[in-house]
Structure formats: C-alpha cells, structure tokens
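Chemist: 27 is the number of the first residue of the sequence shown in the numbering used here; add one for each residue after it. Just so you know, even glycine gets a beta-carbon here, dropped at the ideal spot from N, CA and C. On a predicted model such as this, the values are computed, not experimentally measured, just so you know.
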Amino acid sequence: MNRKFNVGNIAGAVITLFIAVLVLGPFLWLLVSSFKTDAGVITYPPKFFPEEWTLKQYKFVSRSIPVFTMLKNTVIFSGFVTLISVFFDSLAGYAFARMRFRGRKLLFSIILMTMMVPFQIIMTPLYIEVYKMGLLDTYAGLILPRATSAFGIYMLCSFFEGLPKSLEESGRMDGMNEFRIYWSLMLPLCKPALVSLAIFHFMNNWNDLLYPLMLTSSAAKRTLSAGLAILVGNKVIKYGPTLAATMISLAPLLILYIFCQRYFVEGIATTGAKE
Numbered sequence: 027m028n029r030k031f032n033v034g035n036i037a038g039a040v041i042t043l044f045i046a047v048l049v050l051g052p053f054l055w056l057l058v059s060s061f062k063t064d065a066g067v068i069t070y071p072p073k074f075f076p077e078e079w080t081l082k083q084y085k086f087v088s089r090s091i092p093v094f095t096m097l098k099n100t101v102i103f104s105g106f107v108t109l110i111s112v113f114f115d116s117l118a119g120y121a122f123a124r125m126r127f128r129g130r131k132l133l134f135s136i137i138l139m140t141m142m143v144p145f146q147i148i149m150t151p152l153y154i155e156v157y158k159m160g161l162l163d164t165y166a167g168l169i170l171p172r173a174t175s176a177f178g179i180y181m182l183c184s185f186f187e188g189l190p191k192s193l194e195e196s197g198r199m200d201g202m203n204e205f206r207i208y209w210s211l212m213l214p215l216c217k218p219a220l221v222s223l224a225i226f227h228f229m230n231n232w233n234d235l236l237y238p239l240m241l242t243s244s245a246a247k248r249t250l251s252a253g254l255a256i257l258v259g260n261k262v263i264k265y266g267p268t269l270a271a272t273m274i275s276l277a278p279l280l281i282l283y284i285f286c287q288r289y290f291v292e293g294i295a296t297t298g299a300k301e
C-alpha cells in the first residue's frame, strides 16, 4: 500500500508539474521576450533566453503611446466600475434572494436573459445614448453603463440564498430595517463572494477592448487595451514593443491575483458548496 501511495504521489506531482509548465510557460516566454531585441524576437530557430537583455522595447512603447496616462485611465475605469458594480450587484442580489415583492421572478428572469445578448447588438444604441448625454470621451461615460451586471446579481443572489434566515429574523427582532440587515448582518458574511466578483469585474474591465475603444476618442481618456490595439495596428507590427506593452498590461492583474488568490479560491469553494 505504501508503494502504491508513493507511486500515486509521484504521478500526481508529475502531472501537476506538467500542467504548471503548460500554464506558466507562455507567460514566462512573454516576460523574457519583452527584454529581447527586435532580431531576437523573430529569430529562427527561436531561443527562450535573449542573447542581449535590453529595455529598448519598453522605451519604444513609452515614446509611442502615453502608456502611463493610459494605465491611469485603466485603473480609474476598472477600479470605479468594480466598486460601484459590486455595491449595486450586492443590493440587487440581496433583494432578489431575501425579499418578496410582486414581479420578483419576472424581473430576475429578464435580468438573466440579458446575459444572452451579445454586446455587439447593443453597442450602437449605447453609443447613441452616451453621445446624447454628452458623456463621450469622459470617465463618467465609461463607468456609468457598467454600474451593474447581470452576472454579478445572479452570483450574489445565489450566495445570499445560502445564508440562514435566522440572521435576518434576529435583526428584525432587534428593530433593524432592511438596509441595516443587509449592511450589518448579511454583507460581512459575503466577503469571499464579493472579493471573487470584484476580481472578475476588475479583470474583465481591465482587458476590455471594444467598449472603451468605442466610447473614447482621445489618448487622454483611452485605456491601456485600446492603446495597445493602436500600437499593434499601426501599419507594421513591431513584435518586441507589442510584447513589452502586453507585459505592462498583464503585470497589475498578476499582482492583484497574487494578493487576492486566497479570497478568490475561498469564494468559489463557498459558492459551489451551497446546498
């Protein structure tokens, strides 16, 4: 039995190492290649490590596009959308899960059906609406249409439904109103789900290309993804600067995931364990 146990452990370790190499390999190649020269990026046969380490690709990116301004815009856009959307999603999720009102099921079904509508269908009406409100090429025009999401409402509604009803009953006996029950009793118990949803929102908005590219027209308000698209699509593709710009875009997300990984895994496990 010990021999079988050891063989199983070794096999599991080998499979885990193989999967880790498959997952981390492209990222490590991107990181290393961003420090290569133009000739080193396209050389054949390809070499993993550069013969000459250089920062010229990052310098080229900083000269070609206002990368730090676009990075600031991306942080503002993604950060405010995440905070506002998580707040409104939690409010709506609590209302659908714990409150009983007329038309609740119909309204919740309509919200879920919006998840099946591709963005390409609503992008023209959305553009016209933002244009008539005078919010094109502004932070408000980027943030307000993303103030809530059907996915977030559904996710938090499922989480709230798994909490014991005795909590809100005890709150009502103590004289709490509905918002106080939501804010003081229910919301603190949803911390793993809220962090998981915040990571999803932040990642989706950070990497979004079509939406900010449609609603912005100047480099002063464009996000990093839009700036990267402009850099890539400018007549001739420069692979070295493209890799460096991609690395700049990925680094904040990687740092965020490293610090929030525990909450992310805990939120998924807790949500999936609901009876």
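DSSP on Y70, reduced to helix/strand/coil?
Modeler: Coil at Y70, not helix or strand.
Chemist: Suppose you measure from the CA of I41 to the CA of L97; what does that come to, to the nearest Å?
Modeler: Cα to Cα, I41 sits roughly 38 Å from L97.
Chemist: Going by C-alpha distance, which of N231, G266 and L220 is nearest L117?
Modeler: With distances taken between Cα atoms, L117 lies closest to L220.
Chemist: Nearest by alpha-carbon distance to A246: which of I207, A39, I91 and I45 is it?
Modeler: Considering only alpha carbons, the answer is I91.
Chemist: Rounded C-beta distance between G66 and P76? I'm assuming under 8 Å.
Modeler: Their Cβ separation, rounded to whole angstroms, is 5 Å, which keeps G66 and P76 in contact under 8 Å.
Chemist: In three-state terms, what does DSSP make of M159?
Modeler: Coil, per DSSP.
Chemist: For a test of the three-state rule: what should DSSP assign to A299, helix, strand or coil?
Modeler: Confidence at A299 is low in this model, with a pLDDT of 43, below 50, so its placement is unreliable and the value that follows should be read with caution. Three-state result, A299: coil.
Chemist: What distance in whole Å lies between the Cβ atoms of L276 and V112, which are believed to be in contact at a cut-off of 8 Å?
Modeler: Rounded, the Cβ-Cβ distance is 23 Å, inconsistent with contact.
Chemist: Give a yes or no on whether the minimum CB-CB distance between A176 and chain D is below 8 Å.
Modeler: The structure shown contains no chain D; it holds only a single protein chain.
Chemist: What is the rounded straight-line gap between the Cα of S104 and the Cα of L161?
Modeler: The alpha-carbon atoms of S104 and L161 are separated by roughly 17 Å.
Chemist: List the whole-angstrom C-beta distance separating V101 from I274, where the pair is believed to meet the contact cut-off of C-beta under 8 Å.
Modeler: Not really, about 12 Å apart at Cβ, beyond 8 Å.
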